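In what follows, a structure is listed as structure tokens, so that the remarks can point back to it.
Here it is as structure tokens:
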């Protein structure tokens, strides 16, 4: 694999994780425009730990993600009380505060950025992607996952059957911020250099667009969206600079004609049935 | 079992409910009737924690319900159905029932690894059982919204029963049903009482109300105008006046 | 010195007010945020630039940019809002995110991602008003902004169309039954919102003198901050919020470090969203 292709594949892993972090929050019927902020916290924290304190990459990543998810809880409690639109605004307010914070924070380089973290190889990045995919898969088939489906369907009725909606929303917010923190840590340790501009609101927006494109009702959608979004610039090279316009237009049209995204819930259901059949036939 | 004491609900200047006091006894089938807009569903919303009461208290088995969040009230043993059926449209028939068990099953983070345990299978069997009793088992894998209207109502009731509640609140369960379906519904409600549960229902269909209720409260313009057995209510001047000139099914 | 900064703040702030006003008109009407609004602002700035490059006098370039921006916003309504009326209420917001990306890309393709210089179209005169130095550009910006804001305020409060707008925003079904043509109200509101963004774009470009396709993001966000602080859905709130933000920004740069600017602004934004979402002048309904 050429160095260039390696770079694309590595960043694809990060994009997939960011898309999953958005999807986590979408599972509880909310949209976060601030996950770049959690990515930043994960990135800077893990980078600082590994560069300044010599910590190996694995614990640095975990601590970075835990820091991000801890802040996620702190911010989540007041924000989740807000309804949909205000919640979105609150999240991007948060994302921007984090970004401008790191722009000024001297210990991690301030406006000059932070140099030095290494160690995120492709196997490590995709190891994490795999772990999170398995986690989301287990979640989708569990009772907890079904509670979330109910919440998304009709939050009032969900609470009338005993589901603690607030706790569920906080839980997925924790998961989303944790995942974004991992994505940030891996990003930092691959790119060797990070600065606050890397965690711009557009990063959050792109992650959301991945989920919209791939499918908003299943984690496979985030996966597919992340892949498409990363590979698209290469595939559409012939369109030159107009690639983003094409991408954006496709999304606008998709919202009109197929708002649930490429992979629909029914498709996943059918696929699961089909796989189940194969297993049954094989074991009989 | 359920004590409604001096309950009032005001929406700004609008008095939706005013000084409502009555109580529902265990294993009763209690009816709440009244013209449209008299505040019946509002009362249900207060009981189940969907709306806060302005004044008054609601006691259930010794627990004060006013001020509690909806999910806590459900955990205390109260389940409800809705006037305009609110199923989980993205789930199948069986899934609607299964998710209602989450209040009793392991449904936290540990549920991620509970997929194949014996307990899970137990819950599945329970759900199948419930669906069979409601005549919905054949359609268990269908999307919930693809069911016929009457079946959807039965599903909503099945979902409520899956919580194993002590008190079941039914909001106009016979709405839109023909005679045969209504008969069926009456049988089912009796069955539910035989299971040891208390049923509190809102209804417009007088056949249902008079046919099955042990005791009835009548609301009009947010006020309690009469309470009594079906015979007493049918003879009551106040009730006849309230309903005068209004179409009832 | 302080007064000078105040004047600069008011000038900058009035451009934010225009942006905030555009946001608040759409939000107040449809309860939905047009995230591409900032990019419409950017587009308006570039349109003004192109028209000015063609040799047109400033006021004409301004008007044409206004119209152009208004048209773009109507397109947004057609593609991102109207077809999604029955969908989940956050869908239009997500769609405008995508549309904003398209606008940025189109602008990059047409005008390049390098900063473009705004041509000198009018004589810059400087007036000395006591201790304060005011340039004719400042006067143009302030005058245009105030004119537009007062105009819109009066329009919404006094005219029958303004009443129709308010009725549509509060109770669309009732308004429709009373004979209000909802679709026209919506189209008109979007057009005005876009026109305001376009004007703000040209005026801001006159202040900073160079623009890139990416200024919309930040300016849009600041406009949103101004809107929230002033009070969502409130025309006067948007105006005052914008002016306040402009003053805060200039004061911060003058007496603090420019680096803290965003933290203060977005920190304020976050604080308001969480603790006082109705802003300073809005009504507490949520």
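Protein chains in written order, with this note's numbering: chain A, 6 to 289; chain B, 17 to 265; chain C, 45 to 330. Cβ atoms here follow ideal geometry from the backbone N, Cα and C, with glycine treated the same way. If you're wondering where the values come from, they're calculated on a predicted model, not measured in any experiment.
- Scanning chain B for C-beta atoms nearer than 8 Å to the C-beta of residue 270 of chain A yields 106, reported in chain order.
- For residue 234 of chain B, the secondary structure class from DSSP, reduced to helix, strand or coil, is strand.
- In the DSSP assignment, residue 25 of chain B forms a beta bridge with B:33.
- Around the beta carbon of residue 227 of chain C, a 10 Å sphere encloses fewer than 16 other beta carbons of the protein chains shown; the residue is thus reported as exposed.
- Taking each of C:152, C:148, C:91 and C:302 in turn and checking the Cα distance to residue 115 of chain A, the smallest one comes out for C:302.
- Nearest neighbour of residue 148 of chain A by Cα position, chosen from B:125, B:138, B:201 and B:150, turns out to be B:125.
- Residues of chain B with a Cβ closer than 9 Å to the Cβ of residue 167 of chain A are, in chain order, 86, 87, 88, 89, 90, 91, 95, 116, 118, 119, 120 and 179.
- Within the segment 148 to 177 of chain C, the beta strand (DSSP E) runs of at least 3 residues that lie entirely inside it are, in chain order, 170 to 173.
- When C-beta atoms of the segment 56 to 65 of chain C are compared with those of the segment 95 to 105 of chain C, fewer than three pairs fall below 8 Å, so the two segments do not count as touching.
- Cβ contact annotation for residue 64 of chain B (same chain, cutoff 8 Å, sequence separation greater than five): 86, 89, 90, 94, 96 and 185, in chain order.
- Residue 6 of chain A sits exposed, since fewer than 16 C-beta atoms from the chains shown fall within 10 Å of its C-beta.
- With a cutoff of 8 Å on beta-carbon distance, residue 270 of chain C and residue 260 of chain C are scored as not near each other.
- Per the DSSP secondary-structure output, residue 48 of chain B pairs in a beta bridge with B:218 and B:233.
- Under the Cβ criterion of 8 Å, residue 261 of chain C is counted among the residues facing chain A.
- Annotation for residue 318 of chain C: the continuous alpha helix (DSSP H) segment containing it runs 305 to 319.
- Excluding residues up to 5 positions away in sequence, 219, 220, 223, 225, 226 and 229 lie with their Cβ nearer than 7 Å to the Cβ of residue 268 of chain A in the same chain.
- Within chain B, the C-beta atoms nearer than 8 Å to that of residue 158 of chain A come from 104, 105, 106 and 107, in chain order.
- Taking CB atoms only, residue 20 of chain A has no neighbour in chain C less than 8 Å away.
- Residue 186 of chain A and residue 193 of chain A have their alpha carbons spaced roughly 11 Å apart.
- Straight through space, the alpha carbons of residue 178 of chain B and residue 146 of chain B are spaced by roughly 8 Å.
- The three-state reading of DSSP puts residue 177 of chain A in helix, counting H, G and I together.
- In the displayed model, residue 7 of chain A falls within coil according to three-state DSSP, outside both helix and strand.
- At a C-beta separation below 9 Å, residue 79 of chain A has no neighbours in chain C, since its nearest C-beta there lies roughly 12 Å away.
- Beta-bridge partners of residue 71 of chain B (DSSP): B:24.
- No Cβ of chain B is located within less than 8 Å of the beta carbon of residue 34 of chain A.
- The DSSP-derived three-state label of residue 198 of chain C is helix.
- Membership of residue 185 of chain B in the beta strand (DSSP E) is indicated by the continuous run 183 to 187.
- Comparing alpha-carbon positions, the option among A:260, A:251, A:188 and A:144 lying closest to residue 128 of chain B turns out to be A:144.
- Near chain A, meaning a CB-to-CB distance below 7 Å, the residues of the segment 131 to 151 of chain C are 131, 133, 134, 135, 137, 138, 139, 141, 142, 143, 145, 146, 149 and 150.
- Under the DSSP assignment, residue 248 of chain A falls outside any beta strand (DSSP E), being part of the alpha helix (DSSP H) whose first and last residues are 248 to 262.
- Here residue 159 of chain B is bridged, per DSSP, to B:108.
- Below the 9 Å Cβ cutoff, chain B contributes no neighbours of residue 37 of chain A, its closest Cβ being approximately 21 Å away.
- The three-state reading of DSSP puts residue 253 of chain B in helix, counting H, G and I together.
- When the Cα atoms are used, residue 109 of chain B and residue 152 of chain B turn out to be separated by approximately 8 Å.
- Setting aside the 5 residues that flank it on each side, residue 296 of chain C is surrounded in the same chain by 304, 305 and 308, each with a C-beta closer than 7 Å to its C-beta; the list follows chain order.
- DSSP places residue 198 of chain A in the strand class (E or B) of the three-state scheme.
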